[in-house]
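Asks: For the sequence shown, the numbering used here puts the final residue at 374, and the numbers step up evenly by one.
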Amino acid sequence: MIGKKLSLILGVLALSLLLVGVVNACSCPLDEEDYNQVIEINQWLVSDHATYSSSLGRYYEISSGVIDLDYELVAGEYEITLVSRDYYPTRESTNSATQQNETYYIKFIDGYSFVEETNSTSDLEDGVNPDENIEIVETNLFLPSGTDSLQAFHSAYQTPSGIRNSLEAVCVGINLVKKYSVCGDDFLDTDEECDGESNCTDECKWEEEPEPKQYGFGNVLDYSECLPDWECSGWSDCSNGVMTRTCSDANYCEISYNEPHTTTDCLEPVIKELKVVNPNLGLFFAGIVLLIILLIVLINLRS
Numbered sequence: 072m073i074g075k076k077l078s079l080i081l082g083v084l085a086l087s088l089l090l091v092g093v094v095n096a097c098s099c100p101l102d103e104e105d106y107n108q109v110i111e112i113n114q115w116l117v118s119d120h121a122t123y124s125s126s127l128g129r130y131y132e133i134s135s136g137v138i139d140l141d142y143e144l145v146a147g148e149y150e151i152t153l154v155s156r157d158y159y160p161t162r163e164s165t166n167s168a169t170q171q172n173e174t175y176y177i178k179f180i181d182g183y184s185f186v187e188e189t190n191s192t193s194d195l196e197d198g199v200n201p202d203e204n205i206e207i208v209e210t211n212l213f214l215p216s217g218t219d220s221l222q223a224f225h226s227a228y229q230t231p232s233g234i235r236n237s238l239e240a241v242c243v244g245i246n247l248v249k250k251y252s253v254c255g256d257d258f259l260d261t262d263e264e265c266d267g268e269s270n271c272t273d274e275c276k277w278e279e280e281p282e283p284k285q286y287g288f289g290n291v292l293d294y295s296e297c298l299p300d301w302e303c304s305g306w307s308d309c310s311n312g313v314m315t316r317t318c319s320d321a322n323y324c325e326i327s328y329n330e331p332h333t334t335t336d337c338l339e340p341v342i343k344e345l346k347v348v349n350p351n352l353g354l355f356f357a358g359i360v361l362l363i364i365l366l367i368v369l370i371n372l373r374s
């Protein structure tokens with residue numbers, strides 16, 4: 072009885088260890104703090120599952136499903152790390168884990184179009200069970216803005232053989248190495264004033280407001296919304312039916328808004344010439360009259 076219980080306990084422990092191993096085998100070993108994004112794949116890619124297409128003249132690709140990224144990528148160069156694994160918990164011998172071409176690569180997708188693919192992982196080591204490979208397959212892979220998903224592909228899908236070339240595509244680590252400045256990707260780059268706003272130009276610059284101008288004697292106004300302040304001299308004398316004056320803008324706006332008139336019609340005054348009698352001639356006549364009066368008086372006295 073004790074022997075049966077012990078056997079049962081040992082069986083449960085073995086099963087527990089097996090389940091722990093399976094769980095560990097399915098988990099991604101990448102530390103999320105070391106990457107911008109870590110994308111779980113956890114799908115098996117088996118090359119001899121490939122079927123031949125007579126119309127294409129080749130085998131269909133063995134691939135995972137399309138997997139969404141955590142968020143869309145911005146345009147730039149990326150470092151891509153792939154994790155591959157081969158794990159056979161039910162096999163008694165590690166020699167049975169010997170397979171060829173246990174490699175895969177990633178295609179990145181923008182919407183429904185493939186935009187770029189990575190190099191393949193290295194072949195997993197034969198005779199090792201389990202075997203795991205963490206490999207940087209790209210150090211400066213360019214990916215355009217809007218890249219939003221990926222798909223894993225078996226690298227040897229076109230050459231299936233009697234040996235099962237299978238592996239597990241575990242996960243992908245994505246790190247931005249160099250960001251490209253792309254206007255219109257709704258991401259504010261260091262050399263952009265704006266990106267995506269309604270009043271942002273196609274060059275990612277704010278729509279130009281009137282720049283400050285310098286007028287006249289160094290008076291700097293805020294903007295071209297400049298209100299002239301006209302100062303005028305007095306009117307000139309009327310000449311040929313016209314009077315003139317000069318006006319200048321104290322704000323130096325260099326525009327003619329509300330500029331006063333500088334000429335006006337006028338009537339010239341009519342000046343009448345007065346004929347003035349020569350005063351010496353008047354004295355002469357007065358003297359003659361006085362002399363005549365004296366003569367008359369003398370004549371009267373003698374008579």
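Just so you know, even glycine gets a beta-carbon here, dropped at the ideal spot from N, CA and C. Since the model is a prediction, treat every value here as computed from it, not as a measurement.
#1: Taking DSSP as the reference, what is the three-state secondary structure of Asp219?
#2: If you follow the beta strand (DSSP E) that Ser252 is part of, which residue opens it and which one closes it?
#3: Span of the beta strand (DSSP E) holding Leu116?
#4: Tell me the residue span of the beta strand (DSSP E) that contains Leu153.
#5: Could you give the DSSP three-state label for Leu212: helix, strand or coil?
#6: Thinking C-alpha only, which one of Val145, Asn172, Cys265 and Asp102 is nearest Leu212?
#7: Can you name the start and end residues of the beta strand (DSSP E) that Thr335 belongs to?
#8: Measuring from the CB of Thr192, is there a heavy atom of the ligand FMN at a distance below 7 Å?
#9: Going by DSSP in three states, Leu133 sits in which element: helix, strand or coil?
#10: Buried or exposed: which applies to Asn371, given that a residue is buried once 16 or more other Cβ atoms fall within 10 Å of its Cβ?
#11: Taking a contact to mean a Cβ-Cβ separation below 8 Å, would you say Cys297 touches Cys324 in this structure?
#12: Looking only at its chain, what residues have a beta carbon closer than 7 Å to the beta carbon of Val123, apart from the 5 residues adjacent to it on each side?
#13: Can you round the beta-carbon distance between Glu143 and Asp219 to whole angstroms, since I take them to be within the 8 Å contact cut?
#14: Quick one: Cα of Met314 to Cα of Pro331, how far?
#15: Specify, as a first and last residue, the run of the beta strand (DSSP E) that Val186 falls within.
#16: For Pro201, which residues in the same chain have their Cβ closer than 7 Å to its Cβ, ignoring the five residues on either side in sequence?
#17: Looking only at DSSP bridge pairs, what is Leu238 linked to?
#18: Kindly indicate which residue of Glu278, Val360 and Val208 has the alpha-carbon position closest to the one of Val154.
#19: Mind checking Ser310: buried by the 16 CB within 10 Å criterion, or exposed?
#20: In this structure, how does DSSP classify Asp139 when only helix, strand and coil are distinguished?
Replies: If we stick to the structure as given:
#1: coil
#2: That residue, Ser252, is in no beta strand (DSSP E); it is neither H nor E in DSSP.
#3: Gln108 to Val117
#4: Gly147 to Asp157
#5: strand
#6: Val145
#7: Thr334 to Asp336
#8: Judged by which ligands are present, the structure shown has none, so any question about the ligand FMN falls away.
#9: Note on identity: in this sequence residue 133 is Ile, with Leu being the wrong assignment. Coil.
#10: exposed
#11: yes
#12: The sequence as given places Tyr at residue 123; Val does not occur at that position. Cβ neighbours of Tyr123 beyond the five flanking positions: Tyr130.
#13: 5 Å
#14: 14 Å
#15: Ser184 to Glu188
#16: Ala96, Arg156, Asp157 and Tyr158
#17: Leu116
#18: Val208
#19: exposed
#20: strand
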